[in-house]
Amino acid sequence: MHTLIVDDEPLARNELTYLLKQCPEITAIKEADSIEDAIGVLIEHNIELVFLDIHLTEESGLTLANKLNQLQHPPIIIFATAYDEYAIQAFELDARDYVLKPFSLDRIQQAVKKAYQSLSVDFSQPAQKANKVPIEDTIPIQAEERIFLLKISSIVTISINKGDVYLDTEDKTYIIHDTLNTWEEKLAGHPSFIRVHRSFIINSTKINEIQPWFNHTYQLTMVNQMKVPVSRSYMKPFKEKIGL
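Okay, here's the thing in structure tokens:
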């Protein structure tokens, strides 16, 4: 893969270049220390993979990532940075990986291998690449001072209790940072999810049982045995979703 490193620190670029040269998937390496220089390299060369720092001198790597995503055939982006708090924004910009400094050879090799495999898939399925169909089923969440990539289909409920927002899968609970309204917007394109209460969003495919409840409402038992109320104001869209 023809690779571009975008970082305003020469030592960081040198270190990453040294590690990338030990990856057999990398065939050529270019460097840039600013967005302007990076765009110049991208115009002149067929770049397939970009290692991109977040904090450039008076610039943000997120800005460049957004520009790259507007190209007809954007390169694969891997963020390589010392800052972990931008990971969710990075994945929302279709980053393939997020590598934290200081780099290790094993971690760089893992990121390169993932990029190479996805590039091979893109070449074998050009129609999907042209339509930029997202990988169904993974979504980044920030919890426990870490970033987790969860399969969307594994989410059972998202709820709020005493100001904290919880995401539940069948076997684990995460305390997450975004609001419930933000998650409702994120999942708006996924037909399985519906808000059933001001405090609950559910995955309708994870309902185990529906019981009549007070005032002509329902109580749901989810596959993880969580009990979820359906409030009166959400009854009509819930019935339509379930087919009741």
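Numbering of the sequence shown is given in this note's numbering, commencing with residue 781 and proceeding in unit increments. Idealized CB from N, CA, C, for every residue including glycine.
Could you please give me the residues that DSSP links to residue i through a beta bridge?
i       : result
Phe980  : Ser939 and His977
Val1008 : Leu1000
Phe831  : Ile785 and Ile858
Val840  : Looking at the sequence provided, one finds Ser at residue 840 rather than Val. Answer is His835, bridged to Ser840.
His930  : Checking the displayed sequence, the identity of residue 930 turns out to be Leu instead of His. The partner list for Leu930 (beta bridge, DSSP) reads Ile919.
Gln991  : Gln999
Work out the CA separation of residue j and residue i for me, nearest whole Å.
i       : j       : result
Gln802  : Lys894  : 15 Å
Thr783  : Ser1013 : 53 Å
Asp833  : His957  : 24 Å
Ser904  : Pro1009 : In this prediction, Ser904 scores a pLDDT of 48, lower than 50, which makes its location untrustworthy; the coordinate-derived value is nonetheless stated afterwards. C-alpha separation (whole angstroms): 46 Å.
Ile858  : Leu1000 : 41 Å
Leu880  : Asp864  : 7 Å
His970  : Ile888  : 33 Å
Pro790  : Gly943  : 44 Å
Ile827  : Asp917  : 27 Å
Ala910  : His853  : Note that Ala910 scores a pLDDT of 38, beneath 50, so its modelled location is shaky and nothing firm can be said.
Val830  : Ile932  : 27 Å
Thr997  : Glu964  : 22 Å
Gln890  : Glu805  : 11 Å
Asn961  : Arg978  : 9 Å
Arg793  : Ile938  : 41 Å
Val1024 : Ile868  : For the record, residue 1024 in the displayed sequence is Leu; it is not Val. C-alpha separation (whole angstroms): 37 Å.
Thr953  : Met1015 : 26 Å
Tyr866  : Leu930  : 17 Å
Gly820  : Gly841  : 15 Å
Glu839  : Asn941  : 38 Å
Lys966  : Asp951  : 22 Å
Lys1007 : Ala818  : 52 Å
Met781  : Ile990  : 52 Å
Gln897  : Pro855  : 14 Å
Trp993  : Asp787  : 58 Å
Phe980  : Ile823  : 48 Å
Below 8 Å on the Cβ atoms is my guess for residue i versus residue j; work out the distance and round it to an integer in Å.
i      : j      : result
Phe883 : Glu795 : 6 Å
His825 : Lys810 : 6 Å
Ser814 : Thr837 : 7 Å
Asn983 : Val945 : Not a contact, Cβ separation roughly 16 Å.
Ser934 : Thr949 : 5 Å
Can you tell me where the beta strand (DSSP E) with residue i in it begins and where it stops?
i      : result
Asp944 : Asp944 to Thr949
Thr962 : Taken as a continuous stretch (DSSP letters only), Thr962 belongs to no beta strand (DSSP E), being part of the alpha helix (DSSP H) at Leu960 to Lys966.
Ile955 : Thr953 to Ile956
Lys801 : First-last for Lys801: undefined, no H or E at that position.
Is the beta carbon of residue i less than 9 Å from the beta carbon of residue j?
i       : j       : result
Lys1021 : Val1003 : no
Leu885  : Leu799  : yes
Leu947  : Ile974  : no
Ala923  : Ala875  : no
Ile919  : Tyr878  : no
Ile785  : Ala812  : yes
His835  : Thr861  : yes
The alpha helix (DSSP H) spanning residue i covers which residue range?
i       : result
Glu924  : No alpha helix (DSSP H) holds Glu924; DSSP gives it neither H nor E.
Leu880  : Here Leu880 belongs to no alpha helix (DSSP H); instead the beta strand (DSSP E) covers Asp877 to Leu880.
Asn749  : Because the chain spans 781 through 1024 in this model, residue 749 falls outside it and cannot be assessed.
Gln869  : Ala867 to Glu872
Lys810  : Run containing Lys810: none in the alpha helix (DSSP H); it sits in the beta strand (DSSP E), Ala808 to Ala812.
Lys1016 : Met1015 to Ile1022
Residue i: beta carbon under 8 Å from a heavy atom of the ligand NAP?
i      : result
Phe994 : Because no ligand of any kind appears in the structure shown, any question about the ligand NAP cannot be addressed here.
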